[in-house]
Structure formats: C-alpha cells, structure tokens
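Notes to accompany the following structure.
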Amino acid sequence: MLGFFSNKTVHPLADSREAKRILAEIANPGRGSLSAVEDAGAWLESLAADESFKLPQRIDLVLRIDEAAVTHARRLGRDYPASVGLSRVQESKQWQCCHGYWEQLVAAYLDCIARHQAAEKKDADAVRSQLPMIHGRLINALAAQLKWKQFRYGPVDPGFWQSLGTVYLAAVEAKTAQKPLQLYPGVNEGTIEAEYLKVLVFHAASMDKLQPLEIEIAERLINYFLPFFSLIREVRPENVYWIDAAKPLPPTRLAKLPEVTPTLRFFNGTRAVEAVAKTIEQIRNEGRVPPGINLGAQYEVDQVIPVLEHLALCWAPKPPMRSNARHRMSSQLKVVNGLAAVHRRLSGRAGGEEGLETWVIDDVSLGGFGAQATISRQDWIRIGALVGMQPEGGDNWLIGIVRRYVRTGPNQGSIGIETLSKTPHAVFADAGGLQTEALLLDIPEVGEYARMALPANALEDKVALLFPLGDKNSRLHPRETIESGADFVVANFFVQSYS
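Okay, here's the thing in structure tokens:
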C-alpha cells in the first residue's frame, strides 16, 4: 500500500468519496481491530509522504483517521495483557502494530503543528480553531504511546517528555489549556491540561512494578481519580511532584526545590490517596468494584485492590521506604527462568549452561537484588516471573520473583528481584496419586507452616503433598495462596509430619 503514490498519482484520500469509504472501512465495528489499526497506520504513513495535500485537508484527514481507529486501538490496549504469555510471535506482532500506530499518529499531529507554524498567515489562520483539538489529541496519543512502552517497560526517550511539554505549553500560550474540550464522540468533556496531568500521574504510578494487566487497570483507575489531582504553578508545602514542561525530563518527586522557571509545575496526590482508601474500603465491604469506576472489563476484586494499594503508595506524600538497606556491589549472577527450569536445575537434571543467563548485580539487600541484564531473544523478563539465581562464587541457588523491570536500552534492562528463599529444595511430591514437581521454600517444622511453589494447575484444596526430603518423609496440607504467576503458585502449607 505504501510507497506507490507518485507526485502524479492522486492519493485515494484526496477523493472525498474514496476517503469516506476508507474511513468507514477502518471504523467498521465488525472488523478485526488489529487489521483496522494496521490500515490506519499505513494511511497515516502514506499521507505524511504526500506533499500534495493542503494544510486544512491534511489536518482534517489526520483527525478523521484518528477518530475512525480510536475504538479499535483502545480495544487492543485493553486486550493486549491477555496475549502476554501466549504465542511470542502473536504477542510481539500485536505490540509492534499498536505501538507503531500510536507512534505514527503522534508523528502525524506533530507534522500538522510544524506545517501550521511554517504556513502563511492566511493559511495558518484558516485552521487555528482546530489547534486545541490537535493539541488534545496529540497528548492523548502520547499517553497511549507511553502506555504501550510501559507494557514492555520502556525505555522512554527524553524526547517524549520534550514533545509532551511543548504541546502543553503551546496550549497554555494559546489560553486553551483549561477550556472544555471533547476529544472524541461519546467521551466526556475534559481539558488539555487534564490530559497532560493524566500522563504525569501515570508516570508517577511506578508502572515498572506492575504486570501488563495491572498497568491496564491502573490507567483506568487514574482516569477515575484524576479529579483529585491538580496542576499548579505555586510552590506549596503539600507539593509532591514537579516537572518543568520545557525540559526533556519526566515528573520527579520533590526532594528539593528545582530552579524556578515560568514552565515549572507541581502536583500532589494527597486527596487521591484519601479517595483510594475509601474506595478500597467500599470494595471490601461490597465485594465488588463500584459501578461508577469504568475499568473497561470485568475484573475480580483481588485483581483490583492490589493495584489500588500500589497507587496509594506511589501518590503518598512520603515515598515508600525500603525495608532493607541496599549495598552497592558488582558481581555476576546466574539466572534461570520459570518453575520448571528452576526445578531441573535444583534437582540436578539440567547440566552445563542449559537455560542459563548471566546478569550483573548492582546492589544487594536482605530482601533481594538489583541487577542489569542483557535481554535475550526470548525476552521472557516480566513482573512476577519466578527465577532461580546463583551468585558468583557460590554453589547454592536462591529463588526470587521479579518485582521491578525497566528497559534502559534496546537490549538492556534494570531488574529488581525479591528473594523468596535462600535454601530451596526441589522435590517430587505425591499429590493424591499424581506426581508434582515442586519447590520447597522453607525447611519443614511439624506444626508450623512452610511455603511451596508448584505448577499453576497443581494446587488442589484439601489434597496433601507427600514427599521425601533427605532421610525424612513429609506430609504437608495446603492453606492459603500467597502468590501466583503465569506458570506457578506459591502457597502456605501446614506441616503435619516430617520424620
């Protein structure tokens, strides 16, 4: 479709009847969303490459393509987390398509703004009334682009924050930042400033500690709690975050007062934290998410409350305190991914370098590690992944869970791992006649509890696990589930016997 429009060829979108047909085809609700978004991105690309369009027509077409594709694009953003952990090819294709679409849309709006600035006064004045919509839609597209980047934990280029701040300041200068604006049909009115603030609050929510589904839920919750935030210019004691919209920097917690400039802004989430606490209490009392909160889909209470608690921590006046002091160091760490691979390694069934990756430890604490990793082709690193770890120079293995993940480059990542066990054992347990490969995380003591990690589908209520450990036999009964991941579940077990 791309690249065959020569200067002498009339672009299909230049014909009003053909453009209407193309846009209706994209917007068709019965069409596959991935295909629709792919087509929309392709038309944006071809439009950018064609210089024959006058500025008013170009702006009109970009706005209409955006509007035609927006429902499909939102649906893909909602559904993407479910594809994580399925076919890597399928998941990667969906991410590339959707991230690429928002990237194309951002570029299209930036191009419209640049052409407007370079236009003759008469041409510029003819489309000036559309600038608020362009500014608002551009910030909305940048927000979506950031979300898709966070689905893969970055990296976020400084230029992103520069573009975001520049368009916000343009709206401020035009005195349109706080005027009511309906970005899309069927959507409540908002303001350009609110769209900008939404992106800042999203970043302040530490998405590098959430899984993709939790990121989707968090974004929806941010929309709901946004009225409890405000963006101000004044230096006040209650300020928690600051950003200079003229600089290529993300919002930052206010440790000390930055250089005061006309483009400096502050925001805090104190009122939002109070609202979140009330919402959590209401959910626990009613056993459901309040009808007024639109999450885009039905989620279990147990999926929503942890995200609310996470948001409250991020927005609190004081940042979450580390429970253990960190010590800087640099050494290698051997890593294997997933319960099955860890079990093979601990049981001696995996030899040599099978499944091994080498990370570099940045810091260590009683609770875990910070490490740098070269991202492999498998690109398996996810929040909540269970890993086995062997520090350099040791022969013991540790069990941990990835709690933080930030891509620092195309093939580099910064990872935080919580240590679950420093003395794990691989066991072959009898679960009601079925052999189950499990990891014992604690040494059993009769009458006490011990944690075990099992395959996700292997935990059954009231079915005891029997297994030998050394010269003793153990019988453990399942109690509450502590944590679950894509391929595992960690649960407490009551130790009935160990002799």
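Note that the sequence shown ends on residue 508 in my numbering; no numbers are left out. Note that beta-carbon positions come from the ideal geometry of N, C-alpha and C, so glycine has one too.
Consult DSSP for residue 171 and reduce its assignment to one of helix, strand or coil.
-> As a working note, residue 171 is residue 162 in the sequence shown. In this structure, residue 171 counts as helix in the three-state DSSP scheme.
When 85, 213, 149 are compared against residue 7, the one with the closest alpha-carbon | The chain is shown from 10 up to 508; residue 7 falls before or after that span and cannot be answered.
In whole angstroms, what is the alpha-carbon distance linking residue 11 and residue 50?
-> Within the sequence shown, numbered from 1, the residue matching residue 11 stands at position 2. Within the sequence shown, numbered from 1, the residue matching residue 50 stands at position 41. For residue 11, the predicted model reports a pLDDT of 46, less than 50, meaning its position is unreliable and no value from the coordinates is stated.
First through last residue of the beta strand (DSSP E) which encompasses residue 308 | Residue mapping note: residue 308 aligns to position 299 of the sequence shown, counting from 1. No beta strand (DSSP E) contains residue 308, which DSSP labels as neither H nor E.
Could you tell me whether the stretch 273–292 touches the stretch 310–319, using the rule of 3 or more Cβ pairs below 8 Å?
-> yes
How would you write the range of the beta strand (DSSP E) that residue 444 sits in, first residue to last?
-> By 1-based counting over the sequence shown, the position of residue 444 is 435. Taken as a continuous stretch (DSSP letters only), the beta strand (DSSP E) holding residue 444 covers 443–449.
Buried or exposed for residue 75, please, with buried defined as at least 16 other CB atoms from any protein chain shown within 10 angstroms of its CB.
-> As a working note, residue 75 is residue 66 in the sequence shown. By the 10 Å Cβ count, residue 75 comes out buried.
For residue 337, the three-state DSSP class (helix, strand or coil) | Indexing the sequence shown from 1 puts residue 337 at position 328. Three-state result, residue 337: strand.
Select from 459, 464, 425, 355 the residue whose C-alpha is nearest the C-alpha of residue 435.
-> Residue mapping note: residue 435 aligns to position 426 of the sequence shown, counting from 1. Comparing Cα positions, the closest option is 355.
Would you report the Cα separation of residue 526 and residue 64, rounded to the nearest angstrom?
-> With the chain running from 10 to 508 in the structure shown, residue 526 is simply not present.
Could you tell me the distance, in whole angstroms, from the CA atom of residue 505 to the CA atom of residue 370?
-> Stepping through the sequence shown from its first residue, residue 505 is reached at position 496. Stepping through the sequence shown from its first residue, residue 370 is reached at position 361. So the alpha carbons of these two residues sit roughly 39 Å apart.
First and last residue of the beta strand (DSSP E) that includes residue 372?
-> Residue 372 sits at position 363 when you count from the first residue of the sequence shown. Unbroken beta strand (DSSP E) run through residue 372: 366–374.
Local conformation of residue 16 per DSSP, three classes | Residue 16 sits at position 7 when you count from the first residue of the sequence shown. Only weak support exists for where residue 16 lies, its pLDDT of 49 falling under 50; the coordinates are left without a value.
Spatially closest choice to residue 303 from 294, 229, 376, by CA coordinates = The sequence position of residue 303 within the sequence shown is 294, counting from 1. Ranking the options by Cα distance to residue 303, first place goes to 229.
Pairwise C-alpha distance: residue 67 and residue 6 = The requested residue 6 does not occur in the structure, where the chain is confined to residues 10 to 508.
Quick one: measure Cβ to Cβ for residue 85 and residue 71, integer angstroms, because I've assumed they're closer than 8 Å.
-> Here the question's residue 85 lines up with position 76 in the sequence shown. Here the question's residue 71 lines up with position 62 in the sequence shown. No, residue 85 and residue 71 are not in contact; Cβ-Cβ is about 20 Å, not under 8 Å.
Segments of 4+ residues assigned as alpha helix (DSSP H) that fall wholly inside the stretch 247–292 = none
Could you have a look at residue 302 and say whether DSSP puts it in helix, strand or coil?
-> As a first step, residue 302 must be located in the sequence shown, where it is residue number 293. Coil.
Mind checking residue 218: buried by the 16 CB within 10 Å criterion, or exposed?
-> Residue 218 sits at position 209 when you count from the first residue of the sequence shown. Burial call: buried.
For residue 429, which three-state DSSP category applies?
-> Residue numbering aside, residue 429 sits at position 420 when the sequence shown is read from its first letter. Note: residue 429 maps to strand in three-state DSSP.
Measuring alpha carbon to alpha carbon, tell me which of 489, 221, 198, 490 ends up nearest residue 414.
-> For the purposes of this step, residue 414 is taken as residue 405 along the sequence shown, with counting starting at 1. The candidate whose alpha carbon is nearest that of residue 414 is 221.
With respect to the beta strand (DSSP E) encompassing residue 415, which residues constitute its N-terminal and C-terminal limits?
-> Taking the sequence shown and counting its residues from 1, the one referred to as residue 415 is at position 406. Element bounds for residue 415: 407–418.
If we count the other Cβ atoms within 10 Å of its Cβ and call it buried at 16 or more, is residue 232 buried or exposed?
-> For the purposes of this step, residue 232 is taken as residue 223 along the sequence shown, with counting starting at 1. It counts as buried.
Proximity of residue 262 and residue 249 at Cβ, strictly below 8 Å | Counting from one through the sequence shown, the residue named residue 262 turns up at place 253. Counting from one through the sequence shown, the residue named residue 249 turns up at place 240. Closer than 8 Å, so yes.
Pull up the CB-CB distance for residue 385 and residue 366, whole angstroms please, since I reckon it's below 8 Å.
-> By one-based count along the sequence shown, residue 385 stands at place 376. By one-based count along the sequence shown, residue 366 stands at place 357. Sure, about 6 Å apart at Cβ, within 8 Å.
DSSP three-state call for residue 88: helix, strand or coil?
-> Numbered from 1 along the sequence shown, position 79 holds the residue referred to as residue 88. Here residue 88 sits in helix by DSSP.
Proximal residues to residue 470 (C-beta, below 7 Å), its chain only, five neighbours per side dropped = Within the sequence shown, numbered from 1, the residue matching residue 470 stands at position 461. Correct list, in chain order: 487.
With 16 other CB atoms within 10 Å as the buried threshold, where does residue 207 fall?
-> In the sequence shown, counting from the first residue as 1, residue 207 sits at position 198. So residue 207 ends up on the buried side.
Going by DSSP, what residues sit across from residue 486 in a beta bridge?
-> The residue labelled residue 486 in the question sits at position 477 within the sequence shown. BP columns for residue 486 point to 503.
Leaving out five residues before and five after residue 185 in sequence, what residues of the same chain have Cβ atoms less than 6 Å from its Cβ?
-> Along the sequence shown, one-based indexing puts residue 185 at 176. Hits under 6 Å: 141.
Rounded to whole angstroms, what's the CA-CA distance from residue 106 to residue 398? Just pull it up for me.
-> The residue you call residue 106 lines up with position 97 of the sequence shown. The residue you call residue 398 lines up with position 389 of the sequence shown. Their Cα atoms are separated by approximately 35 Å.
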